[in-house]
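Visitor:
Protein chains: 2
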Amino acid sequence: MNKILTFNMAAKDEVLSSTVEKQFQRLMSNKERDIKSKECSWIFDGKWIRAGHIHYSLKGETRVWETVERTTRKGTADAVDIIATQKDKDRILLVAVYRPPINKICVEFPSGLIDKNEEPSEAGERELREETGHEGKVENISVPVYCDPWKSTENTILVQMSITDDAGKQSLDDDEYIEAFYLSLQNLLKSLQSLKEKFDIEIESKLYLFALGLENGKTLLK
Amino acid sequence: MNKILTFNMAAKDEVLSSTVEKQFQRLMSNKERDIKSKECSWIFDGKWIRAGHIHYSLKGETRVWETVERTTRKGTADAVDIIATQKDKDRILLVAVYRPPINKICVEFPSGLIDKNEEPSEAGERELREETGHEGKVENISVPVYCDPWKSTENTILVQMSITDDAGKQSLDDDEYIEAFYLSLQNLLKSLQSLKEKFDIEIESKLYLFALGLENGKTLLK
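Going down the list, the protein sequences come from chains A and B.
According to full-length UniProt numbering, the first sequence is numbered sequentially starting from 1.
According to full-length UniProt numbering, the second sequence is numbered sequentially starting from 1.
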């Protein structure tokens, strides 16, 4: 089930220019960078996150960087974000979630932490069921991508699913406030903008960028 | 210059179903949610970030949530992320940045903090110049979107730019390690995957989701 999103790229189908290849070969072996081992000292050590300082060396100088980490990672990634669609009905399943840090409802992909000994695909199926009450079939799974690498190690895996069952019931923890709804896939960016204009909600960045990519695809791609 | 990304949506061109409209009207006025004022107590109080507890009330119960914030926001958003393209040359300008929290090179959009009294469009032009040495023309600006609303208030504004000048020189701080490069816009997702397969780099989530949206646009959209 752990198929990486390769989109049928043929083995010899090269997409990187020789300029970029050489640039990255140099970049990865660059002695000027001269990065030394990383040590962390935590000042805030919570149940879900911890924050403090990284001590490291770059270009020969010792430096300090402020950082935050999730404390709960069990495997290669913290979480899954689920892109769950019904293409024949032109719709994507999203959630509206109350988020204490911004004290507002935020519109997002269904998502959740990957449990111990759980495959990302299993986490995707489980979280979709828990947050939306729907069953889905996993179609593709991404590499782990990093949500805010300037400040944290937090990462997530994108699980693309097709929704197979509209019945069911949410199963939420007492401190969760989540509601599922559909938007048009064809008009995803416009729909998100319309929600933002009419209601006092915020939009999560990964979802917005997916919508922006879809919209740009209409005009940018041949 | 602060045009919001509306993509020529006609004033009466409704994209939200009446079901979603009603769902959000109910959601925004829901008494069950019963959210009370938010207070924060900081335990780690750094120069760039602070972390600690939010004390709030949901569904009538007092609760505590762990949170982190940027300390540097001057206006409505912390930062800009720049989608800088040359469409006639089928390419997008990206950066490879050393990120201490993950102790690796991460591939990202050019980005940076919005300065005091600076418009997002100005921040986009300045950061593109500083990080890549290129000049660009701002074409569209998004609403602020939230990067990790489960844990922080951090937000960013997407600035779409067309690159107008290939000359120029980077202007970086001493603790920055950033290199600019072009990838194909048509094959953005494949190119990112190829970079990840060949080199020990990571990919930032907003960039990955934009690429995934573009790729999905090829097959999902009519």
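We treat Cβ as the ideally placed atom computed from N, Cα and C, and that holds for glycine.
Everything numeric in this text was worked out from a predicted model, so none of it was measured.
Going by DSSP in three states, B/E131 sits in which element: helix, strand or coil?
Guide: By one-based count along the second sequence, residue 131 of chain B stands at place 131. Helix, per DSSP.
Visitor: So with Cβ pairs under 8 Å, would you call B/Q23 a contact of chain A?
Guide: Translated into positions along the second sequence, residue 23 of chain B becomes position 23. Yes - at least one Cβ of chain A is within 8 Å of the one on B/Q23.
Visitor: So if DSSP puts A/K104 in a beta bridge, which residue, or which two residues, is it bridged to?
Guide: Position 104 of the first sequence, counting from 1, holds the residue named residue 104 of chain A. DSSP output for A/K104 lists A/R99 as bridge partner(s).
Visitor: Checking 8 Å against the spacing of the C-beta atoms, do A/Y146 and B/P100 come in under that value?
Guide: The count along the first sequence starts at 1 and reaches residue 146 of chain A at position 146. The count along the second sequence starts at 1 and reaches residue 100 of chain B at position 100. No; because the gap between Cβ atoms is not below 8 Å, this pair is not in contact.
Visitor: Could you tell me which residues DSSP puts in a beta bridge with B/N155?
Guide: As a working mapping, residue 155 of chain B is identified with position 155 in the second sequence. DSSP, once it has assigned bridges, lists B/Y146 as partnering B/N155.
Visitor: For a contact meaning CB atoms closer than 7 Å, what does A/E154 contact in chain B?
Guide: Your numbering for residue 154 of chain A matches position 154 in the first sequence. Near A/E154 (Cβ distances below 7 Å), the residues of chain B are D148.
Visitor: Does the distance from the C-beta atom of A/G52 to that of A/T71 stay below 8 Å?
Guide: Position 52 of the first sequence holds residue 52 of chain A. Position 71 of the first sequence holds residue 71 of chain A. Not closer than 8 Å, so no.
Visitor: Within 10 Å of its beta-carbon, does B/R91 have 16 or more other beta-carbons around it, so buried, or fewer, so exposed?
Guide: In the second sequence, counting from the first residue as 1, residue 91 of chain B sits at position 91. Counting Cβ neighbours within 10 Å, B/R91 comes out buried, since at least 16 surround it.
Visitor: Exposed or buried, which one is B/K22 when buried takes at least 16 other CB atoms within 10 Å?
Guide: For the purposes of this step, residue 22 of chain B is taken as the residue at position 22 of the second sequence. It counts as exposed.
Visitor: Suppose you measure from the CA of B/E204 to the CA of A/A84; what does that come to, to the nearest Å?
Guide: Here residue 204 of chain B corresponds to residue number 204 of the second sequence, with the count starting at 1. Here residue 84 of chain A corresponds to residue number 84 of the first sequence, with the count starting at 1. Taking the straight line from one Cα to the other gives about 21 Å.
Visitor: So A/A84 contacts chain B; which residues on that side make the cut at Cβ distance below 7 Å?
Guide: Taking the first residue of the first sequence as 1, we reach residue 84 of chain A at position 84. Under the 7 Å cutoff, chain B gives no residues; its nearest Cβ is about 13 Å from A/A84.
Visitor: Give me the Cβ distance between A/I178 and A/V97, rounded to the nearest whole Å; I'm assuming they're in contact under 8 Å.
Guide: Working through the first sequence from its first residue, we reach residue 178 of chain A at position 178. Working through the first sequence from its first residue, we reach residue 97 of chain A at position 97. Yes, they are in contact, since the Cβ atoms of A/I178 and A/V97 sit about 5 Å apart, within 8 Å.
Visitor: Would you mind working out which of B/H134, B/V15, B/E14 sits nearest B/P110, comparing C-alpha positions?
Guide: Locating residue 110 of chain B in the second sequence gives position 110, where the first residue counts as 1. Of the candidates B/H134, B/V15, B/E14, the one whose C-alpha sits nearest the C-alpha of B/P110 is B/H134.
Visitor: Am I right that B/V15 and A/F181 are in contact with their C-beta atoms under 8 Å? What's the rounded C-beta distance?
Guide: Position 15 of the second sequence, counting from 1, holds the residue named residue 15 of chain B. Position 181 of the first sequence, counting from 1, holds the residue named residue 181 of chain A. At roughly 13 Å, the Cβ-Cβ gap does not stay under 8 Å, so B/V15 and A/F181 are not in contact.
Visitor: Alpha carbon to alpha carbon, how far is A/E61 from A/L214? Give it in angstroms, no decimals.
Guide: Residue numbering aside, residue 214 of chain A sits at position 214 when the first sequence is read from its first letter. Residue numbering aside, residue 61 of chain A sits at position 61 when the first sequence is read from its first letter. C-alpha separation (whole angstroms): 43 Å.
Visitor: Can you pull out the residues from the region 44-62 of chain A whose beta carbon lies closer than 9 Å to at least one beta carbon of chain B?
Guide: The residues in question are F44, D45, G46, K47, W48, I49, R50, A51, G52, H53, I54, Y56, L58, K59, E61.
Visitor: On the three-state DSSP scale, how would you describe B/S194?
Guide: Residue mapping note: residue 194 of chain B aligns to position 194 of the second sequence, counting from 1. DSSP places B/S194 in helix when its eight states are reduced to three.
Visitor: So the candidates are A/V143, A/Q186, A/T132; which of them puts its Cα closest to the Cα of A/K169?
Guide: The residue given as residue 169 of chain A occupies position 169 in the first sequence. The candidate whose alpha carbon is nearest that of A/K169 is A/T132.
Visitor: By the 10 Å Cβ neighbour count, where 16 or more other Cβ atoms means buried, how is A/R26 classified, buried or exposed?
Guide: Counting from 1 along the first sequence, the entry for residue 26 of chain A is found at position 26. Classification for A/R26: exposed.
Visitor: Under 8 Å between the Cβ atoms of B/I82 and A/P149?
Guide: Position 82 of the second sequence, counted from the first residue, corresponds to residue 82 of chain B. Position 149 of the first sequence, counted from the first residue, corresponds to residue 149 of chain A. Going by C-beta atoms, B/I82 is not nearer than 8 Å to A/P149.
Visitor: Got a sec? Which residues, its chain only, sit under 6 Å from A/L207 by beta carbon, not counting five neighbours each side?
Guide: Here residue 207 of chain A corresponds to residue number 207 of the first sequence, with the count starting at 1. Around A/L207: E108, F109.
Visitor: With 8 Å as the threshold, decide whether the Cβ of A/L172 is near any Cβ in chain B.
Guide: Position 172 of the first sequence holds residue 172 of chain A. Not one chain B Cβ lies under 8 Å of A/L172.
Visitor: Any idea which residues DSSP pairs A/G112 with across the strands?
Guide: In the first sequence, counting from the first residue as 1, residue 112 of chain A sits at position 112. Partner(s): A/V80.
Visitor: Using a 10 Å radius around the Cβ and a threshold of 16 neighbouring Cβ atoms, would you call A/E197 buried or exposed?
Guide: Taking the first residue of the first sequence as position 1, residue 197 of chain A is located at position 197. Classification of A/E197: exposed, given that the 10 Å Cβ count is below 16.
Visitor: Could you tell me the distance, in whole angstroms, from the CA atom of B/I163 to the CA atom of A/E122?
Guide: The residue you call residue 163 of chain B lines up with position 163 of the second sequence. The residue you call residue 122 of chain A lines up with position 122 of the first sequence. Distance between the alpha carbons of B/I163 and A/E122: 42 Å.
Visitor: Looking at chain B, is there any beta carbon in it that lies within less than 8 Å of the beta carbon of A/M161?
Guide: Mapped onto the first sequence, residue 161 of chain A falls at position 161. False, the Cβ-Cβ gap to chain B never drops below 8 Å.
Visitor: Based on the DSSP secondary-structure assignment, which residues constitute the bridge partners of A/H85?
Guide: Within the first sequence, the letter at position 85 stands for residue 85 of chain A. Going by the sequence as given, residue 85 of chain A is Thr instead of His. Per DSSP, A/I92, A/S162.
Visitor: Locate the beta strand (DSSP E) running through A/L27, then write down its first and last residues.
Guide: Position 27 of the first sequence, counted from the start, is the residue given in the question as residue 27 of chain A. Not the beta strand (DSSP E): A/L27 falls in the alpha helix (DSSP H), residues 18-28.
Visitor: Taking only the alpha-carbon atoms, compute the straight-line gap between B/K137 and B/T76 and give it to the nearest angstrom.
Guide: Your numbering for residue 137 of chain B matches position 137 in the second sequence. Your numbering for residue 76 of chain B matches position 76 in the second sequence. Cα to Cα, the separation comes out at about 22 Å.
Visitor: Going by C-alpha distance, which of B/S152, B/L93, B/L195 is nearest B/M161?
Guide: One-based indexing of the second sequence puts residue 161 of chain B at position 161. Per the Cα distances, B/L93.
Visitor: Exposed or buried, A/E125, counting other C-beta atoms within 10 Å across all chains shown (16 or more means buried)?
Guide: Looking up residue 125 of chain A in the first sequence gives position 125. A/E125 should be labelled buried.
Visitor: Confirm, please, whether the CB-CB distance from A/K151 to residue 224 of chain B is below 8 Å.
Guide: The requested residue 224 of chain B does not occur in the structure, where chain B is confined to residues 1 to 222.
Visitor: Taking Cβ-Cβ distances shorter than 7 Å, what residues in chain A pair up with B/K151?
Guide: For the purposes of this step, residue 151 of chain B is taken as the residue at position 151 of the second sequence. In chain order: I49, P101.
Visitor: Just to make sure I have the definition right: I need the residues of chain B whose C-beta is within less than 7 Å of the C-beta of A/A77. Which are they?
Guide: For the purposes of this step, residue 77 of chain A is taken as the residue at position 77 of the first sequence. Near A/A77 there are no residues of chain B at all, since even the closest Cβ is about 11 Å away, more than 7 Å.
Visitor: So A/G213 contacts chain B; which residues on that side make the cut at Cβ distance below 7 Å?
Guide: Taking the first residue of the first sequence as 1, we reach residue 213 of chain A at position 213. What A/G213 touches in chain B: L209, F210, A211, L212, G213, L214, G217.
Visitor: For B/L113 and chain A, any beta-carbon pair shorter than 8 Å?
Guide: Taking the first residue of the second sequence as 1, we reach residue 113 of chain B at position 113. With 8 Å as the cut-off, B/L113 does not count as an interface residue toward chain A.
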